[in-house]
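Here's the structure we're looking at; comments come further down.
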Amino acid sequence: MPYHKSAAKRVKTNEISRRRNIAARSRMRHVLKAVREAKDRATASELYVKAAAILDRTAAKGIIKKETANRQKSRLAKFAASLSA
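First residue of the sequence shown? That's 0 in numbering that gives the first Met the number 0, and the numbers climb one at a time after it.
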């Protein structure tokens with residue numbers, strides 16, 4: 000239990016941030032999975048645009064690193080291009 004008032008406030012703030020980060024990471028994982036499960040190129044490329052935006056937003060907020068977002072976008076683009084039309 001925190002002794003100082005500011006420490007108690009930080010505990011509360013950290014919990015709020017943790018929940019927000021978990022939600023953002025979960026949203027990101029769901030959209031990545033949707034792209035990987037796409038059956039045709041049109042659907043995959045449409046979902047890729049959405050996934051790239053979410054990855055960029057997640058990286059901008061510092062939830063994941065920018066390099067990680069770029070690597071995942073690159074792999075998704077390669078996957079989407081490999082699907083038959």
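Think of the CB as a built atom: it goes at the ideal place given N, C-alpha and C, for glycine as much as any other residue.
Can you tell me whether residue i is buried or exposed, with buried defined as 16 or more other CB within 10 angstroms of its CB?
| i | result |
| --- | --- |
| Tyr-2 | exposed |
| Ala-22 | exposed |
| Thr-12 | exposed |
| Ala-43 | buried |
Tell me the residue span of the alpha helix (DSSP H) that contains residue i.
| i | result |
| --- | --- |
| Ala-50 | 40 to 59 |
| His-3 | Taken as a continuous stretch (DSSP letters only), His-3 belongs to no alpha helix (DSSP H), as it is neither H nor E. |
| Leu-82 | Where Leu-82 is concerned, there is no enclosing alpha helix (DSSP H), given that its DSSP letter is neither H nor E. |
How long is the line joining the alpha carbons of residue i and residue j, rounded to whole angstroms?
| i | j | result |
| --- | --- | --- |
| Ala-80 | Ser-5 | 51 Å |
| Ile-53 | Met-27 | 6 Å |
| Glu-14 | Ala-7 | 11 Å |
| Val-10 | Gly-61 | 19 Å |
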